[in-house]
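Letter by letter, the sequence shown follows residues 37 to 322 in our numbering.
Note that the Cβ used here is the ideal one computed from N, Cα and C, for glycine as well.
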Amino acid sequence: MTAPILRRLSDLRAKTAEWRRAGETIGLVPTMGALHAGHLSLAEAAKQACDRVIVTIFVNPKQFNKPEDLENYPRTETDDAQKLAHLGVDLIYVPDPDQIYPDGYATNVLVGGSITDVMEGPFRPGHFDGVATVVAKLFLQTSADKAFFGQKDYQQLMVVTRMARDLDIPIEVVGCPTVREASGLAMSSRNLLLPKDGLAKAAALNAAMREAAVKASAGSPWAPLEAAARQALAEAGFGDVEYFDLRCAETLEALDTPTRPARLLAAAWMDGIRLIDNIEVLKLNY
Numbered sequence: 037m038t039a040p041i042l043r044r045l046s047d048l049r050a051k052t053a054e055w056r057r058a059g060e061t062i063g064l065v066p067t068m069g070a071l072h073a074g075h076l077s078l079a080e081a082a083k084q085a086c087d088r089v090i091v092t093i094f095v096n097p098k099q100f101n102k103p104e105d106l107e108n109y110p111r112t113e114t115d116d117a118q119k120l121a122h123l124g125v126d127l128i129y130v131p132d133p134d135q136i137y138p139d140g141y142a143t144n145v146l147v148g149g150s151i152t153d154v155m156e157g158p159f160r161p162g163h164f165d166g167v168a169t170v171v172a173k174l175f176l177q178t179s180a181d182k183a184f185f186g187q188k189d190y191q192q193l194m195v196v197t198r199m200a201r202d203l204d205i206p207i208e209v210v211g212c213p214t215v216r217e218a219s220g221l222a223m224s225s226r227n228l229l230l231p232k233d234g235l236a237k238a239a240a241l242n243a244a245m246r247e248a249a250v251k252a253s254a255g256s257p258w259a260p261l262e263a264a265a266r267q268a269l270a271e272a273g274f275g276d277v278e279y280f281d282l283r284c285a286e287t288l289e290a291l292d293t294p295t296r297p298a299r300l301l302a303a304a305w306m307d308g309i310r311l312i313d314n315i316e317v318l319k320l321n322y
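In structure tokens, the structure reads:
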């Protein structure tokens with residue numbers, strides 16, 4: 037049976053107040069819809085950890101840099117509800133736009149510093165402001181105890197974690213492992229926009245990342261590894277590789293070798309679609 041879909045904040049709060057009176061914990065899975073197995077794994081994790089689960093679907097205009105990207109973003113609410121039906125989530129919150137940004141809305145949440153100044157930050161100005169703003173609102177509107185995010189958007193995970201901590205929002209942000217296609221490609225709603233041959237070619241991104249991570253873990257300096265990976269991606273049919281970075285997992289500071297816990301993060305274009313990914317880089321002598 038499909039979960040009820042609520043569109044008004046007053047209805048959402050009436051339901052969460054009922055759960056609170058019963059002493060139940062609430063898990064939140066914020067999404068922009070076009071759900072895939074990665075989103076469903078977050079809902080499953082929330083079900084295991086909490087008494088009640090809310091999945092939100094809101095295509096947030098504030099986190100799109102280009103109007104055409106917002107217009108082209110997949111909207112599949114009916115299919116999304118059907119995918120969630122067998123998981124037993126308790127409700128789906130699909131807020132009307134005025135429930136998030138009412139007339140005269142004038143407040144934005146900005147997370148500054150090193151975690152937003154690099155990688156996605158320069159290429160998508162204002163993106164993380166939009167993410168932090170809408171996620172803060174969803175945290176407060178749902179009064180959830182825990183929120184579940186995929187590690188595929190690793191920088192975003194760090195931003196929302198910092199935002200909740202800095203604003204003293206009483207919620208635990210839980211990062212969950214990236215779910216991948218059989219080819220290794222990270223699952224993403226944007227994959228739906230790739231042609232079939234582009235989807236196959238896109239698997240080269242994760243392959244190049246894994247090869248570079250293994251060599252970095254063995255002590256090879258990063259600059260030649262990055263250059264080789266960029267060349268491999270160009271040969272595989274990728275267009276612009278915006279970044280292919282080895283960074284500290286905690287601060288996102290650039291590293292030449294993984295002398296502390298590290299992540300390899302990348303963003304690249306395939307057939308007009310921007311893909312991102314990241315993987316952990318292991319080294320035995322941190």
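If you follow the alpha helix (DSSP H) that residue i is part of, which residue opens it and which one closes it?
i, result
"Arg111", "Premise fails: Arg111 is in no alpha helix (DSSP H) and is neither H nor E."
"Gly166", "His163 to Thr178"
"Asp233", "Lys232 to Lys237"
"Gln22", "It is not possible to answer for residue 22, since the shown part of the chain is limited to 37 through 322."
Residue i lies in the beta strand (DSSP E); which residues open and close that run?
i, result
"Val196", "Per DSSP, Val196 belongs to no beta strand (DSSP E); it is in the alpha helix (DSSP H), Tyr190 to Asp202."
"Leu331", "This structure does not reach residue 331, given that the chain is present from 37 up to 322, and the question cannot be answered."
Among residues of its own chain, excluding the 5 on either side of residue i, which ones have a beta-carbon nearer than 7 Å to its beta-carbon?
i, result
"Leu230", "Ala238, Met306, Asp307 and Ile309"
"Thr197", "Val209"
"Pro66", "Thr92, Val171, Leu174 and Ala183"
"Leu127", "Ala39, Pro40, Leu42, Lys51 and Ile90"
Could you give the DSSP three-state label for residue i: helix, strand or coil?
i, result
"Val250", "helix"
"Asp134", "helix"
"Gly157", "helix"
"Asp281", "strand"
"Asp313", "strand"
"Gly308", "coil"
"Leu64", "strand"
"Arg88", "strand"
"Arg296", "coil"
"Arg56", "helix"
"Leu301", "strand"
"Ala290", "strand"
"Ala240", "helix"
"Asn227", "helix"
"Leu120", "helix"
"His75", "helix"
"Ala50", "helix"
"Lys102", "coil"
"Leu320", "Any answer about Leu320 is weak, because its pLDDT of 49 lies below 50 and its placement is not dependable; what the coordinates show is given next. DSSP places Leu320 in coil when its eight states are reduced to three."
"Ala142", "coil"
Is residue i a contact residue of the ligand FAD, with contact defined as CB to any heavy atom under 7 Å?
i, result
"Val145", "Summarising the ligand content, the structure contains no ligands, and the ligand FAD is consequently not present."
According to DSSP, what are the bridge partners of residue i?
i, result
"Phe184", "Val210"
"Ile41", "Ile128"
"Ile93", "Thr67"
"Arg216", "Ala222"
Might you give, ordered along the chain, the residues of its own chain that have their beta carbon closer than 8 Å to the beta carbon of residue i, omitting 5 neighbours on each side?
i, result
"Ala285", "Arg296, Pro297, Ala298, Arg299 and Glu316"
"Met37", "Ala121"
"Met194", "Ile151 and Leu288"
"Glu156", "His163, Phe164, Gln191, Gln192, Ala303 and Ile312"
"Tyr322", "At Tyr322 the pLDDT is 42, less than 50, meaning the model places this residue with poor confidence and gives no usable figure here."
Can you list, in chain order, the residues of its chain with a C-beta nearer than 6 Å to that of residue i? Leave out the 5 residues immediately preceding and following it.
i, result
"Met68", "Val95"
"Arg72", "The amino acid at residue 72 is misidentified as Arg; the sequence shows His. Taken in chain order, the residues that qualify are Met223."
"Glu262", "Phe280"
"Ala244", "Ala265, Ala268 and Leu269"
"Val125", "Ala39, Ala79, Val89 and Val91"
Measure from the C-beta of residue i to each C-beta in chain B and report whether the shortest distance is under 8 Å.
i, result
"Val130", "Any reference to chain B falls outside this structure, which holds one protein chain only."
(request) Give a yes or no on contact between the region 163–175 and the region 43–57, applying the rule of three or more CB pairs nearer than 8 Å. (result) no
(message) Does the region 255–270 come into contact with the region 201–218, if we say contact requires no fewer than three beta-carbon pairs (one atom in each stretch) closer than 8 Å?
(response) no
(request) Evaluate the contact criterion for the region 171–187 versus the region 78–85: three or more CB pairs, one atom per stretch, below 8 Å. (result) yes
(request) Could you tell me whether the region 111–119 touches the region 252–262, where touching means 3 or more Cβ pairs closer than 8 Å? (result) no
(request) Taking 8 Å as the threshold, find out whether the region 150–161 comes into contact with the region 173–180 through three or more Cβ pairs. (result) no
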